[in-house]
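The structure appears right after this line, and notes come after that.
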Amino acid sequence: MRELITLHVNGERHELAVQPHHSLLEVLREDMGLIGTKHGCELGECGACTVLLDGLPVLSCLTLPIEVQDCEITTIEGIEQNGILHPLQETFAELGAAQCGYCTPGILLSGISLLRDNPHPTHEEMKEALAGNLCRCTGYTKIYEAIDAAAQRSAKEGVR
Amino acid sequence: MSQKRSNGTGNKRPYTIIGTPRPKVDAYGKVTGRALYADDIMLPRMLYGRLLRSPHPHARILSIDTRLAFELPGVLAIITGEDLPQKFGILPSSQDEYALAIDKVRYVGDPIAAVAATDPDTLDEAIRLIAVEYEVLPALMSIDEALAHPETKINGEARIGNIHKAISYEFGNMDAGFAAADYIREDWFYYEGNNHAPMEEHACVAQWEPNPSDSVGGKLTLWSSTQTPHYVHRELSKVLKLPQSHVRVIALNVGGGFGGKSDPFSHEICASELSRRTGRPVKITCTREEVFLIHRGRHPVKMWIKTGVKQDGTLTAMHFRSYLDGGAYGSYGIASTYYTGALQTVTYQLPCYKFEGMRLFTNKPPCGPKRGHGTTQPRYAVEVHLDKIAHDLRIDPAELRQRNLIQPYTYTVNGLRITSCALDECIVKVIERSKWHEFHTAQEPVINDKPHDAHMKRGLGLAASSYICGAGKPIYWNDLPHSAVNIRLDRGGGVTIYSGATDIGQGSTSILAYVVAEVLGIEPEHIHVETSDTTLTPVDLGSYSSRVTFMAGNAAIAAALKLKDQLFAAVAEYLHVPSEQLVAAGGIIFDEADPGHSISFTKAIQTAEARFGALISSGSYTPPEGIHGDYKGAGVGPSPAYSYSTCVAQVEVDTETGEIVVEKLWLAHDIGQSINPLLVAGQVEGGAYMGYGEAVMEQQIFRKGRHKIPSLLDYKLPSTVDTPDIETILVEVPDLEGPFGGKEAGQGPLNPVIPAIANAIFDAVGVRIDEVPITADKVLKALKAAMSGKVATSRPQVSPIEAPSPWPTRLIIWQPHDDSTQSGLIVNGYRNNTQPSIPAKEGTV
C-alpha cells in the first residue's frame, strides 16, 4: 500500500504517494523523475546516490523518504540556480574532473557540502570528505584540482 | 630517421585547437545531472525485467516450472532457454552462449529465465516463484582443476578436455638465442584477475514497435550501456531472427566500461524479446552483484617465462607460456589468449621469441577484456622477471630496459610493424622526476618528507610497457572500414558530426569535435556530435582496443578535409584567390597573403552550398596493410601504432605487518600528440589508479563455487584515501599516421603500474611476491620466510604447471625477412607498406 508523504526537494514541496519501503533513491528517480541522482550498488557502498539532507551528504539508497519529510533535500538538479552553475560544477567541467560522469553528481554534492563548511580544504581534507564516493575513471587527481580551483573562484567572487 | 611533426590537414599554421586543454564538449551535461544513461530512460507503459540466475557453478537443468510465477498479478511474460535457442558470442569463433541456459548452467550467475512485470517488487516475487530442478555436477574452479579433470567437460567448445584454445608460435632461432646467452632465468607468475567495476551497472531498455504491414512484424530499439553498439546490433539481429534493418541499438552516455560492456549480453537480448512479447518497453538494470557475475573481466593467468641474456643485459631469447582461466564461456577469450603473447616483442628487441598459450574453461563467470586486454598480466610477469634479471646481473633495472628498447619504424621478430616509439624518453623522464638514481645511490634517504619509523621501508620500482592504438583486424572478418564518420555543414554555420563511436567517459565525442574544428578552422562549440546509434550513425566498431582516437579520429579528419576542399574551391572563386593560398582559422577563411581578405565560415558554407548542393561528406579509416606477419593468428597484436609508457612507483612497506602503502606513481606516456592534454592526463591518471587497485587491493576470490565478495563493500576498490599521488608526464613525438600525430591513452598507462609496484616492494624489503594482488598477508609471510633463512626471493610461490608435451596444438614457426629486423631503422618511414615477410613455414611438434 502506498502512503502519502511530503518531501522538500530543491526548494519545492512535493506531495507523493510512495511505497513506504522504497528508498529515497527510488522515490527521487522513479517517482519524481530526478534522474541526476545515480546508483551503483543500492547498498550504501559506492556513493553515487549521494544527496544533501539539510546540507549534509547522505546516501539516498539507505534513506527512507518517510523519515526525511522535515528535511530539505538537495539533488544535483537543485545545485544550479536559474541556469547559473555552482563554481564546482564549472571547474569540474573545465578541468576534466568528470570522465564518464556517473559518480559526478554524488561527488559534486559531497564536494559542495565540504566547501560550505570549509572554503579552503587541504587535499587531505578533500580525501576524507570524498572517501565514501568511488570514482573509477579519474584516479581522483582532477577532482582535487577542481575543488582547489572552485575554492579559489568562490573566494574571488564571493560564495554563492 | 627523425619523427617529424605530422599535419595531414593542409593547414599551414600552428594548431589552434589540437594540444590545448579545454572542457569536454559534453562536460556540462555531466556536471548538471542532465546527461542521460541507459537506466535514466523511463518510457510510458514501461515494464521492468530481471533474470533468474543459477545458484550452482555447474549443473544440469532437469526442469523449469514458471507456472506459479506467471500467475502472479503484474507478471506479463516469462521466457526460458527454449524461447531463444540461437547461440551467440562476440567472436565468430566462440558462438557458445545462449541468452538463457539450455540443459546446463556453467557458473553461478548463468541466466536461466527472464521475467517482465509491472514493477520491481512483483519481479522479486516472480523470480522467487520460478522452480528449477537441478542435477548438480562437479565444478572446476581453477586452471589446475580444469587441466586435471578433462572428464568433466564444462563447455562443448573445448576440443580437448577443458582446453578452449591452445596456440604455439616460434619466431627466430630459439636454439641460437639461448646458446648466445650468458645467463638464463626462469620464473612463474600468477595474476588473479579482477572486475572492471564501472560505477554504472549494466542497463538497457528495449522497445518493440509492432507493425502488422511489416513482413517481420515490427522494429526493435535498444538503448544500452554498451561500448560496442555495432556488435550488439549484429548479435541481437541474429538471436532474435530480425533483419539488421529492423534493429536499432543506441548507446547513450556510458557510466564507465573499461572493457566490461563490450560483449553482447543476455539481459540485452532478453529485454528485447520480452518487449516483443508484451508490446511494451522493458527495462533491465543489473544489480551490482550481477555486474560481478556477468563479469568478462581480467583473466586469471599463470605464466612461465624463460629468458636468455648477455652479461651486459642484452636479451637473446624469450620463451613465454600462459595458462588462462577463461571462466565458463568464450567471450573475447581467444583474442585474450593471443594477446598474452602478442606484445612482448613490441616493447623490447627480442631476436627470437617462442610463445605458447592455453585458455581453459572453468565454472566461473566468463572472463574477457579489461583495460589492457590480455597484455596486462604478461606485462606484469615480464617486467618483474626483467627486474630479477637486472638484480641478478647487478645492472640498474632502468638501464637494462634501455639497452633493449624496440626502435621506432622497425618490425618485430613476430612481424609487427612499429611506428613512432618514445619509450626511451619515457624512461628518462620518470627516472629524472622520481630521483631514481639519487634514491638508489644515496646513503641518506633522499625522499624524506615525514618522520620515518624504523620498521617502515621505502623502495622505488620501475616498469615499461606498450599498447595498441586499435586492433589491426576487426572481430568478424571483413574488408570494410573500421570507422566511418559523416559530417554535415548547415548553411547557418553549424556542423554536425555523425559517428558510431561510443563515449564511455574517455572523451571520444570531444576528440571528434576537436579534430574537425581544427581542420575547418572553427571553435568546437559550433559542432554537434551525434554518436553511437546504429540507425543514424555510420559504423564504428566500438570503444575497445584503444582504437577510437586513432581510427575514428582519422576518419573524421578525412571527412572534414573533403568539406574543406569544397569550401576552398568555392571561396577561391569568391575571393579570387588560389585555393592553395587559403587558410581556415578563427572562424574565417582568408588569403594567407592578405589576411584581411576573408569571408566568414558561415558565408563560405553558403557559397559552397550554392555551388555544390548540400554539404555532406564521409570519411573512413581502415588500418594499412603490411602491419603484421602472414601466419595464422597474426591478426591479434598488429596495430597502426603503439603507445609506450613507463612507471616508477614509490612504496613504503611495514615490515611488522606487511602493509603496503603506495605513496606515489610517476607515469610517463608516449601519446604521440595530445589532442587535448587534459583528457590524456585524465586517462593516464585513471589508468594508474586502476592499475594500483589491481596491484594491491582487488581480490577475485571464489569459495564453494561462488564469487565470495560480489559487492563494492568487500571487493576493495581504491577510494580517495587509498589512491596514491599520480604525476603524469606526457611525451609527445607525433606518429606519422596518427590523427595530428596522436596515439592512444586509454589503456596503455595501466600496464606498467602493477609491475612497478611489485618491483618497488622488492626494492623496499627484498622479497618478491610473484602473484597479483600483492597483499599484506603475502608480504608478511614472505618476510617471515626470509627471516627464518628460507630464500624468499626465488621461492616458487606459484605452483608450476607441467607443460603438456607435446603442446596440444600445431607449432607455427615463422621467420621474419632479414631486412625488416636487421637494420633497425627504416628510412622514409615504412617501405610502402610492403609485407616484411617471406611466406610462412609451418611445422609440427
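Going line by line, the protein sequences match chains A and B.
Just so you know, we're using numbering that gives the first Met the number 0 here: the first sequence kicks off at 0 and counts up by one.
Just so you know, we're using numbering that gives the first Met the number 0 here: the second sequence kicks off at 0 and counts up by one.
From the three backbone atoms N, C-alpha and C, an ideal C-beta is built for every residue, glycine too.
*Which full runs of the alpha helix (DSSP H) of 4+ residues lie inside the segment 740 to 804 of chain B, going along the chain?*
Correct list: 752 to 764, 775 to 786.
*Report yes or no: do the segment 744 to 760 of chain B and the segment 166 to 183 of chain B share at least 3 C-beta pairs separated by less than 8 Å?*
Touching, no, given that fewer than three Cβ pairs across the two stretches are closer than 8 Å.
_If the criterion is Cβ atoms closer than 8 Å, does the pair Y338/B and T306/B meet it?_
At the C-beta level, Y338/B and T306/B stay beyond 8 Å of one another.
*Among L113/A, L129/A, E29/A, which one has its Cα closest to the Cα of A16/A?*
Closest option to A16/A, Cα to Cα, is E29/A.
*Under 7 Å (Cβ pairs) to chain A, residues found in the segment 706 to 736 of chain B*: Correct list: S710, L711, L712, L716, S718, T719, V720, T722, I725.
*Considering C646/B, what are the terminal residues of the alpha helix (DSSP H) in which it resides?*
Secondary structure note for C646/B: it is in no alpha helix (DSSP H), and the uninterrupted beta strand (DSSP E) holding it is 641 to 653.
*Would you say A97/A faces chain B, with C-beta separation under 8 Å as the test?*
Yes, because at least one Cβ of chain B sits closer than 8 Å to the Cβ of A97/A.
*For E146/A, the three-state DSSP class (helix, strand or coil)*: The sequence shown places Ile at residue 146/A, rather than the Glu named in the question. I146/A: helix per DSSP, three-state reduction.
*Starting from T606/B and walking both ways along the alpha helix (DSSP H), at which residues does that stretch end?*
Per DSSP, T606/B belongs to the alpha helix (DSSP H) from 600 to 611.
*asked:* Which residues in chain A have a C-beta closer than 9 Å to the C-beta of Q505/B? List them in chain order.
replied: The answer, in chain order, is Q98, C99, C136.
*Report the option in E522/B, D629/B, A37/B whose CA atom is closest to the CA atom of I587/B.*
By alpha-carbon distance to I587/B, the top candidate from E522/B, D629/B, A37/B is E522/B.
*Which residues, in order along the segment 260 to 289 of chain B, keep a beta-carbon less than 8 Å from a beta-carbon of chain A?*
Residues of the segment 260 to 289 of chain B that bring their beta carbon within less than 8 Å of a beta carbon in chain A comprise T286, R287, in sequence order.
*Does DSSP classify T339/B as helix, strand or coil?*
Here T339/B sits in helix by DSSP.
*Which bits of chain B does T103/A rub up against, with CB to CB less than 8 Å?*
The contacting residues are K29, V30.
*Would you kindly work out how many angstroms separate the C-alpha atoms of N9/A and G671/B, rounded to a whole number?*
Just so you know, the alpha carbons of N9/A and G671/B end up roughly 46 Å apart.
*Three or more C-beta pairs closer than 8 Å, one from the segment 291 to 305 of chain B and one from the segment 368 to 384 of chain B: is that the case here?*
The segment 291 to 305 of chain B vs the segment 368 to 384 of chain B: in contact.
_Counted within 10 angstroms of its Cβ, other Cβ atoms place V204/B as buried (16 or more) or exposed_ = The residue is buried, with at least 16 neighbouring Cβ atoms inside 10 Å.
*Identify whether M317/B lies in helix, strand or coil by the three-state DSSP scheme.*
In the structure shown, M317/B falls within a strand segment according to DSSP collapsed to helix, strand and coil.
*asked:* Quick check: what's the CA-CA separation for S819/B versus I183/B?
replied: Annotation note: pLDDT 47 at S819/B (below 50); position unreliable, coordinate value reported separately. Using only the alpha carbons, I get a separation of about 27 Å.
_When V231/B, P149/B, H266/B are compared against H201/B, the one with the closest alpha-carbon_ = The residue with the shortest Cα to Cα distance from H201/B is H266/B.
*Anything in chain A within Cβ reach of N252/B, meaning under 9 Å, just list it in chain order.*
For a Cβ distance threshold of 9 Å, residue set C99, G100, Y101 of chain A lies close to N252/B, ordered along the chain.
*asked:* Output needed in chain order: residues of the segment 187 to 201 of chain B with a Cβ under 9 Å from some Cβ in chain A.
replied: For the segment 187 to 201 of chain B, which is checked against every Cβ of chain A, the residues closer than 9 Å are H195, A196, P197, M198, E199, E200.
*Assign R275/B to one of three DSSP states: helix, strand, or coil.*
In this structure, R275/B counts as helix in the three-state DSSP scheme.
*Going by C-alpha distance, which of M140/B, S718/B, M198/B is nearest R702/B?*
Of the candidates M140/B, S718/B, M198/B, the one whose C-alpha sits nearest the C-alpha of R702/B is M140/B.
*For S265/B, which of helix, strand or coil comes out of DSSP?*
Helix at S265/B.
*Euclidean distance between Cα positions of V215/B and E731/B*: Their backbone Cα atoms lie some 53 Å apart in a straight line.
*How about I773/B and A694/B: do their beta carbons lie closer than 8 Å?*
Yes, they are a contact pair.
*Say whether chain A places a C-beta atom closer than 8 Å to the C-beta of G685/B.*
A Cβ of chain A is located within less than 8 Å of the beta carbon of G685/B.
*Should I333/B and L46/B be called a contact, given that it needs their Cβ atoms to be closer than 8 Å?*
The Cβ atoms of I333/B and L46/B lie no closer than 8 Å to each other.
*Run through DSSP, which three-state label would E684/B get?*
Under the three-state reduction of DSSP output, E684/B falls in the helix class.
_Mapping the DSSP letters down to three states, classify G88/B as helix, strand or coil._
DSSP, reduced to helix, strand and coil, places G88/B outside both helices and strands of the structure shown, so it counts as coil.
_Continuous alpha helix (DSSP H) stretch holding W435/B: start and end_ = Secondary structure note for W435/B: its alpha helix (DSSP H) is the uninterrupted segment 435 to 440.
*Measuring only between beta-carbons, confirm whether G10/A sits less than 8 Å from chain B.*
Output row for G10/A: interface = no.
*Touching or not, the segment 22 to 33 of chain B and the segment 57 to 77 of chain B, by the rule of three or more beta carbon pairs under 8 Å?*
The segment 22 to 33 of chain B makes no contact with the segment 57 to 77 of chain B, as fewer than three CB pairs between them are under 8 Å.
_Quick check on DSSP: helix, strand or coil for Y846/B?_
Outside the shown range of chain B (0 to 844) lies residue 846/B, about which nothing can therefore be said.
_Run through chain A and tell me which residues come within less than 7 Å of D39/B, C-beta to C-beta._
Ordered by position in chain A, the residues that pass the 7 Å Cβ test against D39/B are I34.
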